[in-house]
Amino acid sequence: MLDTMKKALYTGLGAAVLTKDKLEEMGREMIRQANLSEQEGRQFLDELNATAEQAKSDLEARIENTVETVLTRMNLATHHQVESLTQRMSALENANLRIDALLARVEALEARVNQPQG
């Protein structure tokens with residue numbers, strides 16, 4: 323469920339955030355129009371890419387926090403919580419099997435003790 327929600331949000335994010343190629347294309351056009359030198363243009367593109375990457379990271383973090391908040395409010399278990407419960411359940415099932423085996427042994431011993439001596 324979390325992955326589906328993330329994918330839906332990231333799909334929307336894709337429409338809002340430009341791809342690196344598109345960003346560089348726009349940056350080159352701005353460089354051309356501003357008549358920047360090659361060094362200035364390269365520096366501008368580097369700054370543009372760094373700013374875009376930081377904005378993308380910030381947006382992804384905000385989206386992830388929002389999704390986690392929504393899941394918490396909906397009282398849904400996370401993948402980690404489900405895994406933890408699965409492991410605990412498995413341990414309890416194993417303990418139950420051992421208890422059943424011990425009970426069978428106790429019943430067998432009681433039957434032997436309660437047999438008439440003859």
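Start counting at 1 in the sequence shown, then tack on 322, and there's your number in my numbering. Built from N, CA and C at the ideal position, the CB exists for glycine as well. These figures come from a predicted structure and were not determined experimentally.
At a cut-off of 4 residues, not a single continuous stretch assigned as alpha helix (DSSP H) sits fully inside the region 383 to 409. Between the alpha carbons of Thr-388 and Arg-395 lies a gap of roughly 11 Å. Measuring C-alpha to C-alpha distances from Lys-344 to each of Leu-398, Leu-367, Glu-362 identifies Leu-367 as the nearest. About 11 Å separates the CB atoms of Leu-407 and Thr-400; that is not less than 8 Å, and the two are not in contact.
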